[in-house]
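Chemist:
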Amino acid sequence: MRELIVLKLGGSLITNKDKPFTLRRDVLEGIGRELRDVWPTPLIIVHGGGSYAHPVAKRYRVFEGYKTPEHLKGFIETAKIVRRLNNEVVEALTDSGFPCIGIPASTFIITKNGRIETCNLDCFFASLDVGITPVTCGDAVFDRILKFTILSGDTIASYLATRLKAKKVIFALDIDGVYVKDRITGEVKLAEKLTPGMPIEVFKLVKEDVTGGIMRKIEEGFEAAEKGVEVLLINGLVRGRIRSAIIGGEIIGTRLVY
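First residue of the sequence shown? That's 1330 in my numbering, and the numbers climb one at a time after it.
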């Protein structure tokens, strides 16, 4: 599916991380209008958990797997809140005139020690076949070894882009891309391009979350880039940038090149 594009909407982009369970609906509606303009481009959307899932998952340490009754409680609570967020994201996008449907990751993915082992994409193919964009998300999923764990949206986005041989995967953030710090001068600037092994220090503008933050995006992005997928990290808060990235226009952001 060489024309397929995977769009990852970061949790910090679509939720207010300073206020638990707060959706940035205005941001999502703006994104929905951009996506409406490029429809029917084949597209899969993956979103992060943001201020909905991360506080719960962190409190109960769900990523550790099933060790105590508290872990089990946390798994259930995380799954519930992820579905709530996924429903709200889909509602905001569809209210903007963009046809999409929610498909939680736990319904089609099983991991083994935290890595994706099985992934049934029949619903994705059926959805794309009728022009409806599947919207999935980072989630609490079942695991062959751990019994359950947390699977990040970044990992899902990279996996889907690689497996489906997507044209590109776009990570939409609440910043312009990856910022790097000069080890000699201390100057911080936006990196227009990153390659594996570059002698740079990634500057973390925000606190990392339970799924790894910007470093996880870079790692998963390079996984896709190695397989020939174009990888972009852009600012989804700036209107028009997601649309431009999808159609191949000029963008401000970071490109990962393997």
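Idealized CB from N, CA, C, for every residue including glycine.
Bear in mind the structure is a predicted one, so any value in this text is a computation, not a measurement.
DSSP beta-bridge partners for residue 1562?
Modeler: Within the sequence shown, residue 1562 is the residue found at index 233, counting from 1. BP columns for residue 1562 point to 1500, 1583.
Chemist: May I ask which residues mark the beginning and end of the alpha helix (DSSP H) holding residue 1422?
Modeler: Within the sequence shown, the letter at position 93 stands for residue 1422. Looking at the DSSP string, the run of the alpha helix (DSSP H) that includes residue 1422 is 1398-1424.
Chemist: How would you write the range of the beta strand (DSSP E) that residue 1486 sits in, first residue to last?
Modeler: Sequence index remark: in the sequence shown, residue 1486 carries index 157 (1-based). It is not in any beta strand (DSSP E) - residue 1486 instead sits in the alpha helix (DSSP H) that spans 1482-1492.
Chemist: Consult DSSP for residue 1525 and reduce its assignment to one of helix, strand or coil.
Modeler: Taking the first residue of the sequence shown as position 1, residue 1525 is located at position 196. Coil.
Chemist: For residue 1455 versus residue 1408, is the C-beta spacing smaller than 9 Å?
Modeler: On the sequence shown, position 126 is the one that residue 1455 refers to. On the sequence shown, position 79 is the one that residue 1408 refers to. Taking 9 Å as the Cβ cut-off, residue 1455 and residue 1408 do not qualify as a contacting pair.
Chemist: Have a look at 1569, 1430, 1527 and flag the residue whose alpha-carbon is nearest the alpha-carbon of residue 1376.
Modeler: In the sequence shown, residue 1376 corresponds to position 47, counting from 1. It is 1430.
Chemist: Under DSSP, the alpha helix (DSSP H) around residue 1431 begins and ends at which residues?
Modeler: Taking the sequence shown and counting its residues from 1, one reaches residue 1431 at position 102. Here residue 1431 belongs to no alpha helix (DSSP H); instead the beta strand (DSSP E) covers 1429-1431.
Chemist: Going by DSSP in three states, residue 1299 sits in which element: helix, strand or coil?
Modeler: For residue 1299 there is no data in the structure shown, the boundaries of the chain being 1330 and 1587.
Chemist: Rounded C-beta distance between residue 1498 and residue 1508? I'm assuming under 8 Å.
Modeler: Translated into positions along the sequence shown, residue 1498 becomes position 169. Translated into positions along the sequence shown, residue 1508 becomes position 179. That pair is no contact at about 20 Å.
Chemist: Could you check which residue in 1562, 1496, 1500 has the C-alpha nearest to that of residue 1522?
Modeler: Looking up residue 1522 in the sequence shown gives position 193. Closest by alpha carbon: 1562.
Chemist: Where does the unbroken alpha helix (DSSP H) through residue 1384 begin, and where does it stop?
Modeler: The residue you call residue 1384 lines up with position 55 of the sequence shown. 1379-1389 is the span of the alpha helix (DSSP H), which, as asked, contains residue 1384.
Chemist: In chain order, what residues of the same chain have a beta carbon less than 7 Å from the beta carbon of residue 1476, not counting five sequence neighbours either side?
Modeler: Reading the sequence shown from its first residue, position 147 is the one you call residue 1476. Excluding positions up to five away in sequence, the list reads 1394, 1395.
Chemist: Would a C-beta distance cut-off of 9 Å place residue 1432 and residue 1453 closer than the cut-off?
Modeler: The count along the sequence shown starts at 1 and reaches residue 1432 at position 103. The count along the sequence shown starts at 1 and reaches residue 1453 at position 124. Result yes, Cβ atoms of residue 1432 and residue 1453 sit closer than 9 Å.
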